[in-house]
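See structure below.
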Amino acid sequence: MSSPDTVNTDPVLIDRSLCKACGICIAFCPKKVLEADESGIAVVAHPEECIKCRMCELRCPDFAVMVRSEGDE
Ligand code: SF4
Ligand code: SF4
2 MSSPDTVNTD PVLIDRSLCK ACGICIAFCP KKVLEADESG IAVVAHPEEC IKCRMCELRC
62 PDFAVMVRSE GDE
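Going letter by letter, the sequence shown gives residues 2 to 74 in the numbering used here.
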């Protein structure tokens, strides 16, 4: 049903065109949901661990992260 490669079902969306690979979101995620790919760009490696605390979204200096949450937007 859910595949790790299916970006659209992830709780966190990362805009790769905005991400500058600073690693801040990866460092601040309390659940280690995010990892850097070979370019240093953040990827959602463990979506099932996400607690939707929005730390990644709040800390990203380039507004590249969006956390999905029910009842939001
Ligand atoms: S919302 Fe929180 S737990 Fe989920 S990826 Fe962002 S920092 Fe990690
Ligand atoms: S904080 Fe933003 S710019 Fe930095 S790695 Fe994460 S998504 Fe990319």
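For each residue, glycine too, the CB sits at the ideal point set by N, CA and C.
Supposed contact pair R69 and I42 - C-beta distance, whole angstroms, cut 8 Å: Going by Cβ atoms, the distance from I42 to R69 rounds to 19 Å, so no, they are not a contact pair.
Reduced DSSP secondary structure (H/G/I, E/B, other) of C20: coil
Where the beta strand (DSSP E) through E36 begins and ends: 35-37
Exposure label - I27; buried when at least 16 CB within 10 Å: buried
R60: CB within 7 Å of a non-hydrogen atom of ligand 2: yes
Near ligand 1: K53 beta-carbon under 7 Å from a heavy atom: Yes, ligand 1 has a heavy atom inside 7 Å of this Cβ.
Buried or exposed (CB count within 10 angstroms, at least 16 for buried), L19: exposed
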